[in-house]
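Beneath this line is the structure, given in structure tokens, with notes to follow.
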Amino acid sequence: MTSKLIDREAPPQRAIVIHPERSERGSSRSAEARLEEAVGLAEALDLVIADGLIAPLRQRTPATLFGKGKVAEIGELAEELEADVIVVDDALTPVQQRNLEKAWQVKVIDRTGLILEIFARRARTREGRLQVELARLSYERSRLVRTWTHLERQRGGFGVMGGPGETQIETDRRLLAEKIGKLKRDLLEVRRTRDLQRGARQRHPHPAVALVGYTNAGKSTLFNRLTAADVVAEDMLFATLDPTLRLLQLPDGRPAILSDTVGFISDLPHELVEAFRATLEEVREADVIIHVRDIASPESDAQASDVRVVLDRLGVDLEERRVIEVWNKLDLAPADRRDEILGDARRTYPAAIVTSAVTGEGIDALLNALAGQVDEAPPVSAHVPPGDGAAIAWLYRHGRVVDRVPDDEGGVRLAVRLSPRALGQFEQLFPRSDVSSL
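For the sequence shown, my numbering assigns the number 24 to the initial residue and increments by one for each residue that follows.
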């Protein structure tokens, strides 16, 4: 008797992706690029794309977003292609989502729901999972009407299950509110731990550097190149969700702490901006921000604008911060555009650094620019007496030594750049050394 293996893996779901093109959107990005991005989001959720289309939208229909003719047309297409899911690249109201599911007889997911689902799959740390769950519940709370259409039905109950006459939707709202309250308390505890860890890092004299950029701009590949780390780096939207920190060795030996953060995207759902506010504190606390752009993308300028919008919503004004703009993915740019890109980078102010995180081109220039940004203080002169090798090693580890001259008695005089915090620590740890201004 032969036994058959049972395939328990769910079959792939076929999806149609629709980008409603609204004339009032006022975006600098083309409808084709927006559709391509929406398809990329759907593929990141392992959906099989049966078709993708742009649906011009002169005005929004309150009940279904699209007009009757377009709803019927898409319904016929879904039936013909045997679609399981229709992705609408826009925010749908709960009523619109319910009505479209009724009309098309398939599951309908909007842009917010799609991004939330991707985040739910990708979050790895406890804080990341808590934040995603909080965002998901906040989103679902407004959509209870989709689940409970029998609003008139009432139920009796005892204790926490609701008193006599409490409707099912009221019970669900209350249970959701309780879950949200618990998640917020759990997140508060995680953030307290995070604040303690950040405080411990701040006691070390290492500058903090944060990578930011549009999703799939190559931040994780650049992070790996700079730190020799093995962070997941894939050609996929939102490959990185949870922040990762590593020690980065700058020229002349001075280290910094580099953090890789979640990528941004246009029209990032409000629920996710709020939920990930704590995670993105790494950006707010950074001494230097590296803004990574995909210079090979025709949408690079629009993506950079979207990043600035999200950072502004988080209270980070790039105009008031030390920022290095990195034009990444030079290896993917057309050969006939390389000279133009390099020339444009030199003409920006401050000059952008053009890199390829894959080939390593431009990495040395980036490290030198970064070393210059973190070297705020002017160099000081530190005279280390003979036999005090620990003091010399400390200066190389925590500062940037720009000159070293041995003296006649066996000591060493070094010109070194140190942050004010590092300078104070050095004077406490090595009182035999003489420090003076240059």
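Cβ atoms here follow ideal geometry from the backbone N, Cα and C, with glycine treated the same way.
> DSSP on Lys207, reduced to helix/strand/coil?
Replying inline: helix
>> Looking at the secondary structure, which residues open and close the beta strand (DSSP E) in which Ile280 lies?
In response: 278 to 283
> Within 10 angstroms of its Cβ, does Pro230 collect 16 or more other Cβ (buried), or is it exposed?
Replying inline: buried
>> Can you give me the C-alpha to C-alpha distance between Glu44 and Asp69, rounded to a whole angstrom?
In response: 25 Å
> So, helix, strand or coil for Gly186, using DSSP?
Replying inline: Below a pLDDT of 50, predicted positions are generally treated as unreliable, and Gly186, at 45, falls in that range; the measurement from the model is reported next regardless. DSSP places Gly186 in coil when its eight states are reduced to three.
> For Gln326, which residues from the same chain have a beta carbon less than 6 Å from its beta carbon, with the 5 sequence-adjacent residues on both sides left out?
Replying inline: Tyr237
> Around the C-beta of Val425, are 16 or more other C-beta atoms found within 10 angstroms, so that it is buried, or is it exposed?
Replying inline: exposed
> Nearest-angstrom Cα distance between Ala73 and Glu103?
Replying inline: 10 Å
> Quick one: what's got a C-beta closer than 6 Å to Glu2's C-beta in the same chain, skipping five residues either side?
Replying inline: There is no way to answer for residue 2, as the model of the chain reaches only from 24 to 461.
> Is it buried or exposed for Gly241, if we count other Cβ within 10 angstroms and need 16 for buried?
Replying inline: buried
> Is the beta carbon of Leu418 less than 8 Å from the beta carbon of Ser379?
Replying inline: no
> Does the region 353 to 364 come within contact of the region 279 to 297, defined as at least 3 CB pairs closer than 8 Å?
Replying inline: no
>> My assumption, with CB atoms under 8 Å, is that Leu157 sits in contact with Leu206. Please give the rounded CB distance.
In response: 5 Å
>> Please list the terminal residues of the continuous alpha helix (DSSP H) segment that includes Gln448.
In response: 443 to 452
> How would you label Asp253, buried or exposed, when you count the other beta carbons within 10 angstroms and need 16 or more for buried?
Replying inline: exposed
> Along the chain, which unbroken stretches of the beta strand (DSSP E) at least 3 residues long are found entirely within the region 408 to 446?
Replying inline: 423 to 429, 435 to 440
> Between Phe453 and Asp411, which are expected to be in contact by the criterion C-beta below 8 Å, what is the C-beta distance as a whole number of angstroms?
Replying inline: 7 Å
>> Would you say the beta carbon of Lys91 is closer than 7 Å to some non-hydrogen atom of the ligand NAD?
In response: By its list of ligands, the structure shown contains no ligand whatsoever, and the ligand NAD lies outside what it can speak to.
> Based on the DSSP secondary-structure assignment, which residues constitute the bridge partners of Ile347?
Replying inline: Ile313
> Smallest Cα separation from Glu322: which of Lys125, Leu58, Pro35?
Replying inline: Leu58
>> Given this structure, state the Cα-to-Cα distance separating Arg37 from Ile97, to the nearest angstrom.
In response: 14 Å
>> Can you list, in chain order, the residues of its chain with a C-beta nearer than 6 Å to that of Phe89? Leave out the 5 residues immediately preceding and following it.
In response: none
> If you run the structure through DSSP and keep just helix, strand and coil, what is His293?
Replying inline: helix
> Which residue comes first and which comes last in the alpha helix (DSSP H) that contains Glu304?
Replying inline: 304 to 308
> Can you list the alpha helix (DSSP H) stretches of 4 or more residues lying completely in the region 318 to 387, in chain order?
Replying inline: 323 to 336, 361 to 370
>> My assumption, with CB atoms under 8 Å, is that Ser243 sits in contact with Asp283. Please give the rounded CB distance.
In response: 6 Å
> Alpha carbon to alpha carbon, what distance is there between His406 and Asp509?
Replying inline: Only positions 24 to 461 of the chain appear in this structure, which leaves residue 509 out of reach.
>> Cutting at 8 Å between CB atoms, please list the residues of its own chain near Asp107, excluding the five before and the five after it.
In response: Gln36, Arg37, Ala38, Val129, Lys130
>> On the DSSP letters alone, give me the boundaries of the alpha helix (DSSP H) that Val94 sits inside.
In response: 91 to 104
> Got a sec? Which residues, its chain only, sit under 7 Å from Met84 by beta carbon, not counting five neighbours each side?
Replying inline: Note on identity: in this sequence residue 84 is Thr, with Met being the wrong assignment. The residues are Gly90.
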